[in-house]
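Novice:
2 protein chains.
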Amino acid sequence: MSLRPTLDFLLYDWLAAESLSQRSRFADHSRETFDAVFDTCERIAREKYAPFNRTVDTQEPHFDGEKVILPQATHDAQKAYAASGMLSAAQDYEMGGMQLPYTVEAAANAFFAMASVSIGSGMLTTGNANLLMVHGTDLQKEVFAKNEFSGRFSGTMCLSEPQAGSSLSDVTTRAVPDGADHENDPLGPRYRLKGNKMWISAGEHELTDNIIHLVLAKIPGPDGKLIPGTRGISLFIVPKKLVNDKGELTGVRNDVALAGLNHKLGWRGTTNTLLNFGEGKYPVPSTGSGPAVSGAVGYLVGKPHEGLRCMFHMMNEARIGVGMAATMLGMAGYHASLEYAKNRPQGRPMGLGGKDAAQPQVRIIEHADVKRMLLAQKAYCEGALALELYCARLVDEQHTGTPETADEARMLLEVLTPIAKSWPSEWCLEANSLAIQVHGGYGYTRDFPVEQYWRDNRLNMIHEGTHGIQGMDLLGRKVLMEGGRGLALLAARINSTIERAIQIPELAVYANALGKALQHVGSATKAAWATGKPGDALANAVPYMQAFGHTVLAWIWLDVALASIAADATKSIAACAGRLGATRYFYHYELPKIDAWLKVVETRDQTCADLPEEAF
Amino acid sequence: MSLRPTLDFLLYDWLAAESLSQRSRFADHSRETFDAVFDTCERIAREKYAPFNRTVDTQEPHFDGEKVILPQATHDAQKAYAASGMLSAAQDYEMGGMQLPYTVEAAANAFFAMASVSIGSGMLTTGNANLLMVHGTDLQKEVFAKNEFSGRFSGTMCLSEPQAGSSLSDVTTRAVPDGADHENDPLGPRYRLKGNKMWISAGEHELTDNIIHLVLAKIPGPDGKLIPGTRGISLFIVPKKLVNDKGELTGVRNDVALAGLNHKLGWRGTTNTLLNFGEGKYPVPSTGSGPAVSGAVGYLVGKPHEGLRCMFHMMNEARIGVGMAATMLGMAGYHASLEYAKNRPQGRPMGLGGKDAAQPQVRIIEHADVKRMLLAQKAYCEGALALELYCARLVDEQHTGTPETADEARMLLEVLTPIAKSWPSEWCLEANSLAIQVHGGYGYTRDFPVEQYWRDNRLNMIHEGTHGIQGMDLLGRKVLMEGGRGLALLAARINSTIERAIQIPELAVYANALGKALQHVGSATKAAWATGKPGDALANAVPYMQAFGHTVLAWIWLDVALASIAADATKSIAACAGRLGATRYFYHYELPKIDAWLKVVETRDQTCADLPEEAF
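Those sequence lines, one after another, are chains L and E.
Residues in the first sequence are numbered from -15 upward in steps of one, following our numbering.
Residues in the second sequence are numbered from -15 upward in steps of one, following our numbering.
Printed below as a string of structure tokens:
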């Protein structure tokens, strides 16, 4: 079973991705070049990723005292990925890129996420380099970003610290100027960093010649104290090994030391580390004039104290990336359990009772409850994929649209990103649980892949902003910003879908249900903020996000159903029936859940917030 | 943090467990003797189980070619358990038992499930021996059951087969008479068995002198064919090593061979096996007269063809046991995440924004969303514990009540058992996911216990009857049997709680909500069966069970709240506030979910059932 038919339909029939090639940036492209990328990625994922997904789970990264050891398969997979050009898929030709739309890049990466999510750590390297392309100097782009795009170097994002976790305002990594001439380093203002960074994915390994850490740290004020809050944060390039201004390794190891590997529940193909910066394990001789300063050498990116702004620039794409990873883990489980259900004989149809026990067993896909579990997975995962691609398409619009459509896309992305990140993290995880359930006892064994998908997927509600943080971002910032313009824009798009759907007899009832759901989300948003107190509104930010997400997905499915009906004349009838079935499932089984979630939102329920600690 | 205060409240203040000592069977008992049992079990669980929960996860059972190797800790824990007398806690004094109420036995076992669910495999041995006490001959009780109660032997249940799974009517293990005098064996009619049994917990190990397998198999008819369906199933005692009529090992190994260990997602302290019966690995010389017959030696229990009836006799207690295991895994995660939330500083209260970033961080239990995740866990797990104890109390009523109350208890158990099994399996698993979420990234590492609880708990929706089977049992059998008497009895109990609660101002609104929910479940039950077609009703048996379960839990919480208010004069105010908070949470956040589930039930929604296979 291939992902391609679903992907093709969503990209070409639904999102009209081919029309992007009419834009000057993508003028060399066509459906043929897009498809060639998909062919390549599908093949590499099939040959270099999928067969080793269990290998990277059982052969966890370990430190031999000098190096972090990863399975050979990981080395091979990453080499093949880099060789495919995917690290710089969206970059300009002059940077060695393919100038592909982000929509196509995101879709192509879906193959790797589905085959082995934890081998595929290209996302961080690309994100790191992309950030430098926006905020770095020309030389930083040349020395660091370009070598990351080629796969010679890899990249990390070093935000969290052990004592701070999600609370970035409490970052205590210090960066002090490295000598009197520190401003004059060609690679950027040179600092020395000291501090500890936690949860750093791909923080240490031998997959590439060098690792380029992007590190959030604070430059002390004249009094030597760190500025409280997020305002004091600056961003630094801290290479594992020092390089000269041609990007060549100087032979000097920077003072970045592995303090420990995290041993995880899943996602074990990607090393996750605690890193010590500037603890003195690899002391770097003072290179500047004036009194010697110790610490890891780092080069400032952008202006001091604007580090978080630079980092946030990458946030939308990183969060869409997490949403896509969650989606494809769900999809992998859906395909595996569908395959199993089609082949496993067990039991007999309902109503026969013991009377027809002499008849042969049927395959379990013939049981209504198994079909329910499969259709739920389809509705969750294919719906989530549609949402992620829709958001990716908005990213392209933001980058290459007219000023007006670009601004609209930016605003829509602000509101949709928390959903694109959180919804698949929650519901495609539930899909993975259903995939286990379809397998019965076999699903609970490590002889089948579904238990690993479920373990891998559990990460996605945690990293890149927890579920709680996404909820507060949505209800506390995104639906309020610019006078609620994002919500209004989204409502306009939803209403446009409703207007089209209401004219199709079989969809009219869903159009009406979606209209009601949208109104309910709108009124609940107002009610949540009726007192103007963040505490009143945000105590139920997660239930709000759950209801918001289900409404968005109901809209996505209705819009996909419209496209499916429109395309039916030329498309496989079964695929269309499947999409309409999933739409029906979503409106019958899922959308009605929003009332329960919104109930506590609109009453500003403080049951949880008010319970005293000693009562737990 | 101890489980005791919660357990004490539920047992003594809510269920009046002490009053059981007024019954003649329990006349020697009192709250003091019950408490002494709890003290012992709490201590053994703390000393011999909890410290080794991670050990049994990482040192999975393995086969060295001759023996199954388990960690020493498992041997020690099981010895301590047997020495405590818990294996025969509920048995008659003359069998070496303590004649404890089942309610007390179940509560005492909760400590082990919470400390390390997968070490504690006493449940199968006790269940096995209990079955023999009901259906076995006097000598079978003496030779097999008694040695199981003492811990000298252990027991298994061998139902599933690789080709049949949940479909017991497709069992193909054959049992043929072992010679002409096979009826005359003192241990029971002697047969020879051939077949494969899958998913056999504790199927092979060196923890005890012998393993007593209870095996479902079919005796071929005169034509040599197996009778189709479940009617053809008989039950046999198949010891791993043969014994004489004094229970002494004869030195002859029976032909039961380990075919493979299952490598599981969790619950790794318990060996899970594929066993081959009578494949000839350990051939047993023919002992009877007439032509030699090969196969594993087995002794018939009860009458031929009544094996499933014998097995079902144990089903209610086994399913309550699974529900209790799921509950205590949830509770373990709740306690761990509560502890973590009370100690982990991170972030600042909502509304301060960046302005007060100079203030110290607060502990995460001060954040509303963390409190929401903790209160949800409390509502799920303490509510589930109350339900399990309520069901255990019904078991005691069934065994020691007046004919009328015993029959009522039996009927209520029929209806409540699918809920007692399924509800904690689903919602205490969700609690474990929330416990991970409270821990953030740390929860995803194996340095904290919560990821293991989540993995361990995933089994409970699968074994001892899957979620789907529980749903069909509830809607397809239990609410219909005896003219719907079980549902009527349950409704009467719920209404009695409503009548009391409606008089308490702070509970009246919940009493009304429960009344409506009960009506909704009732009308949905009728609507589901309006056409009389099983296919129409049972396509949504799982959503029905979810709604039914939430309604039952809402009732349990309201009843617990009543007891809590009644007890408040003498009890800790904080504990009472906690129970009222959990009740409030359940009515505000959880009970409203039932409408979405019942919607598809009452419309007999066939969206899933009707979708053709090729449309997936």
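Every residue gets a Cβ at the ideal spot worked out from N, C-alpha and C, and that includes glycine.
Around the C-beta of L:E598, are 16 or more other C-beta atoms found within 10 angstroms, so that it is buried, or is it exposed?
Specialist: Residue 598 of chain L sits at position 614 when you count from the first residue of the first sequence. Its Cβ having fewer than 16 others within 10 Å, L:E598 is exposed.
Novice: Helix, strand or coil: which one does DSSP assign to L:T386?
Specialist: Here residue 386 of chain L refers to the residue found at position 402 of the first sequence. Coil at L:T386, not helix or strand.
Novice: Going along the chain, which unbroken runs of the alpha helix (DSSP H) with 4 or more residues stay wholly within the region 318 to 389 of chain E?
Specialist: If we require 4 residues or more, the alpha helix (DSSP H) runs fully inside the region 318 to 389 of chain E come out as 352 to 384.
Novice: At a CB-CB cut-off below 7 Å, which residues of chain E make contact with L:N246?
Specialist: Taking the first sequence and counting its residues from 1, the one referred to as residue 246 of chain L is at position 262. Within chain E, the residues near L:N246 are T429.
Novice: Please go through the same chain and pick out, in chain order, the residues whose beta-carbon is closer than 8 Å to the beta-carbon of E:L233, but skip the five residues on each side of it.
Specialist: Along the second sequence, read from residue 1 onward, the residue named residue 233 of chain E stands at position 249. Here the set comprises D193, N194, K225, L226 and V227.
Novice: Please go through the same chain and pick out, in chain order, the residues whose beta-carbon is closer than 7 Å to the beta-carbon of E:P204, but skip the five residues on each side of it.
Specialist: As a working mapping, residue 204 of chain E is identified with position 220 in the second sequence. Only R158, V160 and L210 meet the Cβ criterion.
Novice: Return the CA-CA distance between L:D(-3) and L:A370, expressed in angstroms with no decimal places.
Specialist: Residue mapping note: residue -3 of chain L aligns to position 13 of the first sequence, counting from 1. Residue mapping note: residue 370 of chain L aligns to position 386 of the first sequence, counting from 1. Rounded to whole angstroms, L:D(-3) to L:A370 spans 12 Å at the Cα level.
Novice: Taking the continuous beta strand (DSSP E) assigned at E:W183, which residues delimit it?
Specialist: Against the second sequence, residue 183 of chain E aligns to sequence position 199. Per DSSP, E:W183 belongs to the beta strand (DSSP E) from R174 to S185.
Novice: Skipping 5 residues on each side, what residues in its chain have a beta carbon closer than 6 Å to that of L:G187?
Specialist: Indexing the first sequence from 1 puts residue 187 of chain L at position 203. The answer, listed in chain order, is T140, T257 and L259.
Novice: Could you check whether the Cβ of L:E574 sits closer than 9 Å to any Cβ belonging to chain E?
Specialist: Translated into positions along the first sequence, residue 574 of chain L becomes position 590. It does: the Cβ of L:E574 has a partner Cβ on chain E nearer than 9 Å.
Novice: Hey, is the region 366 to 384 of chain L in contact with the region 274 to 282 of chain L, meaning 3+ C-beta pairs nearer than 8 Å?
Specialist: No, the region 366 to 384 of chain L is not in contact with the region 274 to 282 of chain L.
Novice: Tell me the DSSP secondary structure of L:V285 in three-state form.
Specialist: Residue mapping note: residue 285 of chain L aligns to position 301 of the first sequence, counting from 1. Looking at L:V285 - three-state DSSP - the assignment turns out to be strand.
Novice: Given that a residue counts as buried once 16 or more other Cβ atoms are within 10 Å of its Cβ, and exposed if not, what is E:N327?
Specialist: As a working mapping, residue 327 of chain E is identified with position 343 in the second sequence. Exposed, by the Cβ-count rule.
Novice: Can you have a look at L:T214 and say buried or exposed, based on whether 16 or more other CB atoms are within 10 angstroms of its CB?
Specialist: Stepping through the first sequence from its first residue, residue 214 of chain L is reached at position 230. Its Cβ being crowded by 16 or more others within 10 Å, L:T214 is buried.
Novice: By Cβ distance, which residues of its chain are closer than 7 Å to E:L498, with the 5 residues on each side in sequence left out?
Specialist: Against the second sequence, residue 498 of chain E aligns to sequence position 514. Same-chain partners within the cutoff: I478, I482, A538, W539 and L542.
Novice: Compute the Euclidean distance between the alpha carbons of E:G338 and L:V155, then round it to the nearest angstrom.
Specialist: As a first step, residue 338 of chain E is located in the second sequence; it is residue number 354 there, counting from the start. As a first step, residue 155 of chain L is located in the first sequence; it is residue number 171 there, counting from the start. Here the model assigns E:G338 a pLDDT of 49, short of 50, so the residue's position is not dependable, and the following value carries that caveat. Each residue's Cα considered, the two are about 13 Å apart.
Novice: For a test of the three-state rule: what should DSSP assign to L:V236, helix, strand or coil?
Specialist: Position 252 of the first sequence, counting from 1, holds the residue named residue 236 of chain L. Correct three-state label for L:V236: strand.
Novice: Pull up the DSSP beta-bridge partners for E:V52, would you.
Specialist: Sequence index remark: in the second sequence, residue 52 of chain E carries index 68 (1-based). E:F47.
Novice: Report the neighbours of E:C592 on chain L: residues whose CB is nearer than 7 Å to its CB, in chain order.
Specialist: Residue mapping note: residue 592 of chain E aligns to position 608 of the second sequence, counting from 1. Per Cβ cutoff of 7 Å: A352, K355, R356, L359 and Y569.
Novice: Can the beta-carbon of L:M529 be found closer than 9 Å to that of L:P408?
Specialist: Taking the first sequence and counting its residues from 1, the one referred to as residue 529 of chain L is at position 545. Taking the first sequence and counting its residues from 1, the one referred to as residue 408 of chain L is at position 424. Going by C-beta atoms, L:M529 is not nearer than 9 Å to L:P408.
Novice: Return the residues of the region 534 to 549 of chain E that lie within a Cβ-Cβ distance of less than 9 Å from chain L, sorted by chain order.
Specialist: The residues in question: there are none.
Novice: Give every residue of the same chain whose Cβ lies closer than 7 Å to the Cβ of E:A393, excluding the five residues on either side of it in the sequence, and list them in chain order.
Specialist: Here residue 393 of chain E corresponds to residue number 409 of the second sequence, with the count starting at 1. Closer than 7 Å at Cβ, skipping near neighbours: L378, E381, Q382 and G385.
Novice: Starting from the Cα of E:Q330, find the closest Cα among E:A341, E:R347 and E:K577 and give me that residue.
Specialist: Mapped onto the second sequence, residue 330 of chain E falls at position 346. Ranking E:A341, E:R347 and E:K577 by Cα distance to E:Q330 puts E:R347 first.
Novice: I need the boundaries of the alpha helix (DSSP H) containing E:T17, first residue and last residue.
Specialist: If you number the second sequence from 1, residue 17 of chain E lands on position 33. Element bounds for E:T17: R15 to I28.
Novice: Roughly how many angstroms lie between the CA atoms of L:Y573 and E:Y494, to the nearest whole one?
Specialist: Your numbering for residue 573 of chain L matches position 589 in the first sequence. Your numbering for residue 494 of chain E matches position 510 in the second sequence. Looking at the two C-alpha atoms, the distance is approximately 26 Å.
Novice: What residues in its chain sit with their C-beta under 7 Å from that of E:G565, if we drop five residues either side in the sequence?
Specialist: Your numbering for residue 565 of chain E matches position 581 in the second sequence. These residues qualify, in order along the chain: L359.
Novice: Can you list the residues of chain L that E:L443 reaches, using a CB-CB cut of under 8 Å?
Specialist: As a first step, residue 443 of chain E is located in the second sequence; it is residue number 459 there, counting from the start. Chain L residues near E:L443: Y428.
Novice: For the putative contact between L:V536 and L:I403, defined by C-beta atoms under 8 Å, what is the C-beta separation to the nearest angstrom?
Specialist: Working through the first sequence from its first residue, we reach residue 536 of chain L at position 552. Working through the first sequence from its first residue, we reach residue 403 of chain L at position 419. Sure, about 5 Å apart at Cβ, within 8 Å.
Novice: At 4 residues or longer, and completely inside the region 55 to 108 of chain L: list those alpha helix (DSSP H) runs for me, N to C.
Specialist: Fully enclosed alpha helix (DSSP H) runs of 4 or longer: 56 to 67 and 86 to 100.
Novice: Just to make sure I have the definition right: I need the residues of chain E whose C-beta is within less than 8 Å of the C-beta of L:L(-6). Which are they?
Specialist: Translated into positions along the first sequence, residue -6 of chain L becomes position 10. Correct list: empty, because the minimum Cβ distance to chain E is about 17 Å.
Novice: Less than 8 Å between the CB atoms is what I'm expecting for E:E435 and E:I420, so what's the real figure, rounded?
Specialist: By 1-based counting over the second sequence, the position of residue 435 of chain E is 451. By 1-based counting over the second sequence, the position of residue 420 of chain E is 436. Right, the Cβ-Cβ distance comes to about 6 Å (below 8 Å), so this counts as a contact.
Novice: Of all the options L:Q56, L:E26, L:C142 and L:L152, which has the alpha carbon lying nearest to the alpha carbon of L:A90?
Specialist: As a first step, residue 90 of chain L is located in the first sequence; it is residue number 106 there, counting from the start. It is L:E26 whose Cα lies nearest to the Cα of L:A90.
Novice: Would E:A415 and E:G562 be called neighbours here (beta carbons separated by less than 9 Å)?
Specialist: In the second sequence, the residue the question calls residue 415 of chain E occupies position 431. In the second sequence, the residue the question calls residue 562 of chain E occupies position 578. Not closer than 9 Å, so no.
Novice: Threshold first: 4 residues or longer. Then list the alpha helix (DSSP H) segments lying entirely within the region 459 to 515 of chain L, N to C.
Specialist: Here the runs fully enclosed are 465 to 485 and 489 to 512.
Novice: Quick one: list the residues of chain L neighbouring E:G455, beta-carbon separation under 9 Å, in chain order.
Specialist: Residue numbering aside, residue 455 of chain E sits at position 471 when the second sequence is read from its first letter. Under the 9 Å cutoff, chain L gives D353.
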